[in-house]
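Visitor:
There are 2 protein chains.
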Amino acid sequence: MSRGSDAEREFLEAYEPRDYPSIAVTVDLVVLAVAQGVLHAALVRRGGHPFKGMLALPGGFVAPRESAGDAAARELAEETGLDLGGLPAHIEQLASYSDPDRDPRMRVVSVAHLVLLASDGGALPGLSAGTDAASAAWHPVHAVLESPMAFDHATILRDGLERLAGKMEYTTVAAHLLPAEFTMTQLRSVYEAVWDTQLPAGNFTRKMLPHLAATGRKTQPAVGAPAALFTAEQRHIHPPLSRRRTGPAG
Amino acid sequence: MSRGSDAEREFLEAYEPRDYPSIAVTVDLVVLAVAQGVLHAALVRRGGHPFKGMLALPGGFVAPRESAGDAAARELAEETGLDLGGLPAHIEQLASYSDPDRDPRMRVVSVAHLVLLASDGGALPGLSAGTDAASAAWHPVHAVLESPMAFDHATILRDGLERLAGKMEYTTVAAHLLPAEFTMTQLRSVYEAVWDTQLPAGNFTRKMLPHLAATGRKTQPAVGAPAALFTAEQRHIHPPLSRRRTGPAG
DNA sequence: TAAATAGTGTCTGTAAGACAGTATAAA
DNA sequence: TTTATACTGTCTTACAGACACTATTTA
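Chains as they are written, first to last, in this note's numbering: chain A, 12 to 261; chain B, 12 to 261.
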């Protein structure tokens, strides 16, 4: 509590003590970025029991005076060295996980968040060790989902991946995995990395073009034709892109 | 805690007391049903402060040994007299709301759930007063959103409505607002009620037919031709329905 | 001019939107 | 036969999918 005595009295009148069990509230972060055409997740390796040595999502407790969204941004900075304030990043609430036995140590309800970090497709954003003992490192998502993870974090990661893959069908959210200005080919590469498929370039351009804004600038590639640079306009794509594989038959 | 002493010791070693503030976890329910072509929400009127006399979502605390989903089903029964066990109902997690000041009495994180109740379109499911003082009653959603609600419940209700409206574009979730067997016209009426629009019957049938299973049975209406009865196959509709108004120009 | 990548044009098939027409019942 | 509702057919247009072709750069 630690609020005014009026509120305190009102509270005590309204609820029986047994009604408000102490439940710890945490955030777990699904932090994603693309490099070399492969989707990666920032994961920590657990140093202590339970699930010692296994991979887990970064995360931590929600403080008394912050929202889950604020806690997510803070934990992202603490556990990965990344600061949402200075980065082109996208954060959104994913879902909450509340199975009573999801953490064997205590009752924990976790509000999972999805974080998309921009990268130019070559190198992943740098993760520096934070104040926490375990520091985060990048792992290829589709590979890491083959093995078990700590707690219910494999489920959360899968849900986060599915949220991203689904939302990319009908929004330009994928642009958050790229710098502010990007080429059509870069954007298509993000789609191919997340959907784990190939998309025909011509039709992708035709479908996506109305939802992007041309900057007028072009890239200066080492080889090949220069590509136009776009910025994303956050809007609905209707009808959505099709996720199923297309391209040459065979 | 109230767990084994091993777990307790491990817990005490792992966390500083200040790290796990006591935060109450609740569920808030967006309970929806359709009657007379209008979407209704089951709401309670607050009997005490704060927000005395205003409309609020039904809900309550998550118990120490239940998940948020279990709590949602239990609270639905307690506050509305409805029992998920004996009803064709659909429940899914919506989102969590964690602003530190969302409840002036104490720190409360709420995991909102969306509940869809079946009705034949004529009468709404009966709501009987439960053990709680305030009992729920049905209110037209689009009208009730004009006035303020208690806490952040207007936001939650709006989010729930938007979730339903969006999901109806690309799934057969709307069928959960109807009995197990329903006619194409009934299903179209649900779409029109939630989207607050008119849809052309012929094209709606053509688009929806592949996603429904014909039972072979027909209705016996007082007037007009008998209509075929369908059951829904839960599947993705791709490409999705268009929510924008169509039909005769003007 | 060859290689590599970016971008455009176009053909075809499918399906949405519009709406007229037919079918099946009760009064 | 009229009324009311359910359902089907069809015409037009839009656009996705497939894929060939052109454009722009470096070597």
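Glycine residues also receive a C-beta, built at the ideal position from the N, C-alpha and C atoms.
Please name the residue or residues paired with A:Glu173 in a DSSP beta bridge.
Guide: Paired residue(s): none; A:Glu173 is not in a bridge.
Visitor: Compare the C-beta of A:Ser253 with all C-beta atoms of chain B and state if any pair is closer than 8 Å.
Guide: Answer yes: the Cβ-Cβ gap between A:Ser253 and chain B drops below 8 Å somewhere.
Visitor: Taking 8 Å as the cut-off, decide whether the C-beta atoms of B:Ser107 and A:Gln209 are in contact.
Guide: It is not a contact, given that the beta carbons lie outside the stated cut-off.
Visitor: Following the continuous alpha helix (DSSP H) through A:Gly80, name the residue where it begins and the one where it ends.
Guide: Residues Ala79 to Thr91.
Visitor: Under 8 Å between C-beta atoms, does A:Ala53 make it to chain B?
Guide: It does not; no Cβ of chain B falls within 8 Å.
Visitor: Please state whether the Cβ-Cβ distance between B:Ala233 and B:Pro190 is less than 8 Å.
Guide: Going by C-beta atoms, B:Ala233 is not nearer than 8 Å to B:Pro190.
Visitor: Using a threshold of 8 Å, state whether the C-beta atoms of B:Leu175 and B:Leu125 are closer than that.
Guide: Against a cut-off of 8 Å, the Cβ pair of B:Leu125 and B:Leu175 comes out as a contact.
Visitor: Shortest alpha-carbon distance to A:Ala225 belongs to which of A:Arg113, A:His101, A:Ala134 and A:Phe193?
Guide: Of the candidates A:Arg113, A:His101, A:Ala134 and A:Phe193, the one whose C-alpha sits nearest the C-alpha of A:Ala225 is A:Phe193.
Visitor: Can you list the residues of chain B that A:Ser107 reaches, using a CB-CB cut of under 7 Å?
Guide: Going along chain B in sequence order, the residues near A:Ser107 (Cβ under 7 Å) are Ala79, Gln104, Ser107 and Val122.
Visitor: Residues in the stretch 203–230 of chain B with C-beta within 8 Å of chain A's C-beta atoms, listed in sequence order?
Guide: From the stretch 203–230 of chain B, no residue has a Cβ closer than 8 Å to chain A.
Visitor: For B:Ala134, which residues of its own chain have a beta-carbon under 7 Å away from its beta-carbon, when the five flanking residues on both sides are left out?
Guide: Closer than 7 Å at the Cβ level, and outside the excluded window around B:Ala134, lie Ala46.
Visitor: Residues of the stretch 178–192 of chain A in Cβ contact with chain B at a cutoff of 7 Å, in chain order, please.
Guide: Result list empty, no residue passes.
Visitor: Suppose you measure from the CA of A:His249 to the CA of B:Ser253; what does that come to, to the nearest Å?
Guide: Their backbone Cα atoms lie some 8 Å apart in a straight line.
Visitor: Taking the alpha-carbon positions, what's the A:Glu180 to B:Leu68 distance?
Guide: One C-alpha to the other measures close to 32 Å.
Visitor: Would you say A:Pro69 faces chain B, with C-beta separation under 8 Å as the test?
Guide: Chain B contact via Cβ: absent.
Visitor: Let me confirm a value: A:Glu157 is counted as buried when at least 16 other C-beta atoms fall within 10 Å, else exposed. Which label applies?
Guide: Exposed, because fewer than 16 other Cβ atoms sit within 10 Å of the Cβ of A:Glu157.
Visitor: B:Glu86 and B:Val38: beta carbons closer than 8 Å?
Guide: In this structure, B:Val38 lies closer than 8 Å to B:Glu86 by Cβ.
Visitor: Ignore the nearest five residues each way along the sequence and tell me which others in A:Ser121's own chain have a CB closer than 6 Å to its CB.
Guide: Around A:Ser121: Thr37, Asp39 and Tyr108.
Visitor: Taking the alpha-carbon of B:Val73 as reference, which of A:Ile102, A:Val73, A:Asp81 and A:Ala35 has the nearest alpha-carbon?
Guide: B:Val73 has its Cα closest to that of A:Ala35, out of A:Ile102, A:Val73, A:Asp81 and A:Ala35.
Visitor: Considering only the alpha carbon of each residue, which of A:Gly58, A:Pro251, A:Ala204 and A:Ser78 lies closest to A:Pro151?
Guide: A:Pro151 has its Cα closest to that of A:Ala204, out of A:Gly58, A:Pro251, A:Ala204 and A:Ser78.
Visitor: Given that B:Pro237 touches chain A, what residues does it touch there, using C-beta distances under 8 Å?
Guide: None at all; the shortest Cβ gap to chain A is about 34 Å.
Visitor: Would B:Asp110 pass as an interface residue toward chain A - the criterion being a Cβ-Cβ separation below 8 Å?
Guide: Yes - at least one Cβ of chain A is within 8 Å of the one on B:Asp110.
Visitor: Nearest to B:Thr242 by CA position, among B:Arg228, B:Arg113 and B:Ala165, is which residue?
Guide: The shortest C-alpha separation from B:Thr242 is found at B:Arg228.
Visitor: Are the beta-carbon atoms belonging to A:Asp207 and B:Ser78 less than 8 Å from one another?
Guide: In this structure, B:Ser78 does not lie closer than 8 Å to A:Asp207 by Cβ.
Visitor: A:Thr216 to A:Met195, Cα distance in whole Å?
Guide: Roughly 7 Å separates the two Cα atoms.
Visitor: By Cβ distance below 6 Å, which residues in the same chain neighbour B:Ala262 in space, the five residues on each side in sequence not counted?
Guide: The question about residue 262 of chain B has no answer, for chain B in this structure spans 12 to 261.
Visitor: Judging by CA-CA distance, which residue of A:Arg113, A:Gly59, A:Leu127 and A:Ala236 is the nearest neighbour of A:Ala84?
Guide: Answer by Cα proximity: A:Leu127.
Visitor: Looking only at DSSP bridge pairs, what is B:Lys229 linked to?
Guide: Answer is B:Ala239.
Visitor: According to DSSP, is B:Gln245 part of a helix, a strand, or is it coil?
Guide: Three-state result, B:Gln245: coil.
Visitor: Hey, out of B:Ser33, B:Ala186, B:Phe62 and B:Ala44, whose CA is closest to B:Ala165's CA?
Guide: Comparing Cα-Cα distances from B:Ala165 to each of B:Ser33, B:Ala186, B:Phe62 and B:Ala44, the minimum goes to B:Phe62.
Visitor: Who are the neighbours of A:Pro250 on chain B, taking C-beta pairs under 7 Å?
Guide: Under the 7 Å cutoff, chain B gives Pro250 and Pro251.
Visitor: In angstroms with no decimal places, state the Cα-to-Cα distance between B:Gly132 and B:His247.
Guide: Distance between the alpha carbons of B:Gly132 and B:His247 is about 24 Å.
Visitor: Got a sec: which bits of the stretch 141–169 of chain B sit with their beta carbon under 7 Å from any beta carbon on chain A, in order along the chain?
Guide: Residues passing the 7 Å Cβ filter: none.
Visitor: Could you check whether the Cβ of A:Val73 sits closer than 8 Å to any Cβ belonging to chain B?
Guide: So yes, A:Val73 belongs to the interface.
Visitor: Quick check on A:Arg118 - is its C-beta less than 8 Å from some C-beta in chain B?
Guide: Output row for A:Arg118: interface = yes.
Visitor: Does the distance from the CB of A:Arg116 to the CB of A:Phe162 come in under 8 Å?
Guide: No, these two residues do not count as a Cβ contact at 8 Å.
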